[in-house]
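Heads up: the protein sequence lines correspond to chains A and B, in order.
Just so you know, we're using the numbering used here here: the first sequence kicks off at 45 and counts up by one.
Just so you know, we're using the numbering used here here: the second sequence kicks off at 38 and counts up by one.
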Amino acid sequence: MSNNGENQGSVSKLTLKVQRYNPDRDKAPYMQEFTLPFRKGMTVLDGLLYIRENIDSSLAFRASCRMGICGACAMLINNLPRLACHTPVEEIGEFTLEIKPLPNFAIVKDLVPDTSSMFEKHASVKPYLMRDDQEEMEHPTAEFVQSPDELESYLQFAYCIKCGACVAACPTSATGKLYLGPQALTQAYRYCGDSRDNKSGERISAVDPYYGVWGCHFAGACSQVCPKGVDPALAIQLLRRKVFAQSLGGKERTPSPVAAPPTGSKEKIPVPEFTVTQDDRS
Amino acid sequence: MREVPLRLWQLIAAAVIFFLVGTHLIIMHLGDILSFFGADMGEPTAWSSVMERASSAWWTVFYGIVLAAVLYHGFLGLRNVISELSLSPAAMRVINRALIVVGIGIFAFALYIPIST
Ligand code: SF4
Ligand code: FES
Chain A
45 MSNNGENQGS VSKLTLKVQR YNPDRDKAPY MQEFTLPFRK GMTVLDGLLY IRENIDSSLA
105 FRASCRMGIC GACAMLINNL PRLACHTPVE EIGEFTLEIK PLPNFAIVKD LVPDTSSMFE
165 KHASVKPYLM RDDQEEMEHP TAEFVQSPDE LESYLQFAYC IKCGACVAAC PTSATGKLYL
225 GPQALTQAYR YCGDSRDNKS GERISAVDPY YGVWGCHFAG ACSQVCPKGV DPALAIQLLR
285 RKVFAQSLGG KERTPSPVAA PPTGSKEKIP VPEFTVTQDD RS
Chain B
38 MREVPLRLWQ LIAAAVIFFL VGTHLIIMHL GDILSFFGAD MGEPTAWSSV MERASSAWWT
98 VFYGIVLAAV LYHGFLGLRN VISELSLSPA AMRVINRALI VVGIGIFAFA LYIPIST
């Protein structure tokens with residue numbers, strides 16, 4: 045393990061070279077170096093929080109859950125898009141790290157990327173269930189039936205937390221502003237592959253233009269960097285197959301039916317004692 | 038505009054190119070092997086052979102299909118490269134039309150030569 049001249053067993057200092065940029069003030073981004081105390085198990089996000097709390101409160105970055113769920117803290121750490129909260133410094137094996145905002149996005153400030161283009165593209169592929177039985181969708185009577193195999197066929201794509209790491213790694217997204225990108229295309233497949241959905245035709249129209257599913261060059265960088273183990277490159281190939289199948293006359297599937305209403309009445313789970321009830325409030 | 042019909046034809050054109058251009062290359066360059074199997078094509082690159090093929094309806098159709106497939110495949114590939122410049126849909130429409138006109142022009146001109154001989 046390289047440690048830049050410091051012995052890991054007794055490393056006490058961590059150096060973070062952080063890209064700074066305030067569009068209101070700076071002409072171009074520049075790097076600023078911070079040295080801070082290192083402690084075992086520390087993540088990159090811990091380092092950034094330390095800087096903000098103890099060294100420079102103006103450092104801007106985004107983070108929320110601190111546990112790899114919200115996707116807010118994705119940034120370029122030693123040239124790879126990663127989640128800062130999910131990247132222990134020791135895992136990288138260096139004690140001088142270079143941190144920049146995600147590439148392929150505009151910069152709001154310092155390490156905060158403007159991900160609005162990704163979310164607009166995400167919304168354009170209709171990432172929600174669409175079915176013929178509108179009445180059941182709006183006033184559900186029970187859940188839709190789905191077998192474990194049906195769930196398995198799209199489950200990994202549902203793990204996406206919209207962090208944007210795949211878009212940051214994608215060479216096609218780097219050169220084509222219009223390209224829908226691995227995140228949106230993966231979510232298009234996630235819903236096309238869901239047995240509860242039967243309007244994939246509408247979604248396919250959204251991904252079929254020249255800046256959609258055909259733009260992928262299958263570099264595979266998206267799948268390599270995804271912190272949630274999603275394989276966007278695979279989703280895009282599966283989506284292409286769906287688009288071809290539909291154009292060759294493939295029919296929409298019959299969506300999974302509504303489950304039979306529960307029979308009999310189960311004993312209700314008692315309300316825990318610490319629960320505040322309406323009576324307590326009044 | 039839906040892309041998938043264009044992509045399907047690109048796959049079909051690729052298969053056509055594989056078989057027909059393959060046949061063309063075998064005839065042009067593997068005469069010895071062909072005559073070993075009893076199919077003597079003479080000297081395929083000689084002026085007389087070229088003119089003989091050019092005046093045959095069968096070969097004219099053969100080369101017409103090869104030409105159409107190669108032009109379609111190549112021009113669609115060129116369009117894909119241009120599309121990555123993230124031009125607006127309106128600009129892409131202009132490019133599409135320009136490529137269609139140039140493609141048809143080359144096809145007509147290239148086919149005119151064997152037809153007119
Ligand atoms: S596919 Fe992975 S890398 Fe891409 S946005 Fe979703 S979680 Fe992030
Ligand atoms: S802070 Fe939520 S994923 Fe890192």
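Note that CB positions come from ideal geometry on N, CA and C, so glycine has one too.
Close-in-space but distant-in-sequence residues of the same chain around residue i (CB under 6 angstroms, 5 per side omitted)
i, result
"A:G115", "I205, K206, C207"
"A:V152", "D158"
"A:V315", "none"
"A:N51", "Only weak support exists for where A:N51 lies, its pLDDT of 47 falling under 50; the value from the coordinates is given anyway. Here the set comprises nothing."
"A:Y29", "As shown, chain A starts at 45 and ends at 326. That puts residue 29 of chain A outside it, with no answer to give."
"A:G237", "S197, Y198"
"A:R297", "N242"
"A:S239", "Q190, E194, S300"
Buried or exposed by the 16-neighbour rule on C-beta atoms within 10 Å, applied to residue i
i, result
"B:V118", "exposed"
"A:G220", "buried"
"A:Y203", "exposed"
"B:S125", "exposed"
"A:D176", "exposed"
"B:E40", "buried"
"A:F201", "buried"
"A:Q178", "exposed"
"A:K286", "buried"
"B:V139", "exposed"
"A:K57", "exposed"
"A:K165", "buried"
"A:C109", "exposed"
"B:A50", "buried"
"B:P42", "exposed"
"A:S46", "Confidence is the limiting factor: at A:S46 the pLDDT is only 43, short of 50, which leaves the residue's position unreliable, though a coordinate-based value still follows. With fewer than 16 other Cβ atoms within 10 Å, it is exposed."
"B:V131", "exposed"
"B:E73", "Going by the sequence as given, residue 73 of chain B is Phe instead of Glu. It counts as exposed."
"A:A67", "Contrary to the premise, residue 67 of chain A reads as Pro rather than Ala in this sequence. A:P67 should be labelled exposed."
"B:L122", "exposed"
"A:D241", "buried"
"A:P404", "Residue 404 of chain A lies beyond the stretch modelled for chain A, which goes from 45 to 326, so this question has no answer here."
"A:K295", "exposed"
"A:N148", "buried"
"A:Y235", "buried"
"A:P301", "exposed"
"A:G91", "buried"
"A:M111", "exposed"
"B:A127", "exposed"
"A:R126", "buried"
"B:R137", "Sequence check: residue 137 of chain B is Ile here, not Arg. By the 10 Å Cβ count, B:I137 comes out exposed."
Contacts around residue i, its chain only, beta-carbon distance under 8 angstroms, and the 5 residues preceding and following it disregarded
i, result
"A:G49", "Its pLDDT being 39, under 50, A:G49 is placed unreliably by the model, and the measurement read from it follows with that caveat. Once the five neighbours on either side are set aside, A:G49 has no close Cβ partner at all."
"A:R64", "D70, P73, Y74, M75, Q76, L103, D154"
"A:P215", "H261, A263, A265"
"B:I54", "V103, A106, V107, H110"
"B:V82", "It should be noted that the sequence gives Thr, not Val, for residue 82 of chain B. Counting only Cβ-Cβ distances below 8 angstroms, and skipping sequence neighbours, we find M65."
"A:Q268", "A213"
"A:L282", "Y233, G237"
"B:L71", "I63, I64, D77, M78"
"A:A304", "A186"
Residue i - containing beta strand (DSSP E), residue span
i, result
"A:M181", "Taken as a continuous stretch (DSSP letters only), A:M181 belongs to no beta strand (DSSP E), being part of the alpha helix (DSSP H) at 178-182."
"A:G156", "Going by the sequence as given, residue 156 of chain A is Val instead of Gly. 156-158 is the extent of the beta strand (DSSP E) around A:V156."
"A:Y74", "74-81"
"A:Q190", "Per DSSP, A:Q190 belongs to no beta strand (DSSP E) and is neither H nor E."
"A:R64", "57-64"
Span of the alpha helix (DSSP H), counted from its first residue to its last, around residue i
i, result
"B:M129", "126-153"
"A:Y94", "88-94"
"A:V302", "It is not in any alpha helix (DSSP H) - A:V302 carries neither H nor E in the DSSP assignment."
"A:R284", "276-291"
"B:V107", "94-120"
"B:V53", "41-66"
"A:R240", "Element bounds for A:R240: n/a, residue is neither H nor E."
"A:Y254", "Note, A:Y254: premise wrong, no alpha helix (DSSP H); not H, not E."
"A:E311", "From DSSP, A:E311 is part of no alpha helix (DSSP H); its letter is neither H nor E."
"A:V172", "Before going further, note that residue 172 of chain A is Tyr rather than Val in the sequence given. It is not in any alpha helix (DSSP H) - A:Y172 carries neither H nor E in the DSSP assignment."
"A:A213", "209-213"
"B:E89", "84-91"
"A:G225", "225-236"
"A:S267", "265-269"
Cut-off 7 angstroms between Cβ atoms - residues of its own chain near residue i, not counting five sequence neighbours on either side
i, result
"A:K272", "Y203, C204, I205"
"B:P151", "A91, T97, Y100"
"B:L108", "G140, I143, F144"
"B:W46", "Y109"
"A:G245", "Q290, E296"
(Q) Taking contact to mean 3 or more Cβ pairs, one atom from each stretch, closer than 8 angstroms, check whether the region 84-96 of chain B and the region 169-185 of chain A are in contact. (A) no
Q: Scan the region 96-157 of chain A and note each continuous beta strand (DSSP E) run of 3 residues or more that stays entirely inside, going in chain order.
A: 118-121, 124-127, 140-144, 150-153
Q.
Below 8 angstroms, how does it come out for the region 82-94 of chain A and the region 121-133 of chain A: are there three or more Cβ pairs, yes or no?
A. yes
Q: Say whether the region 56-64 of chain B touches the region 93-108 of chain B, bearing in mind that this needs 3 or more beta-carbon pairs closer than 8 angstroms, one atom from each stretch.
A: yes
**Q.** Near-chain E residues of the region 290-305 of chain A - C-beta to any C-beta below 9 angstroms
**A.** The structure shown contains no chain E; the protein chains it does contain are A and B.
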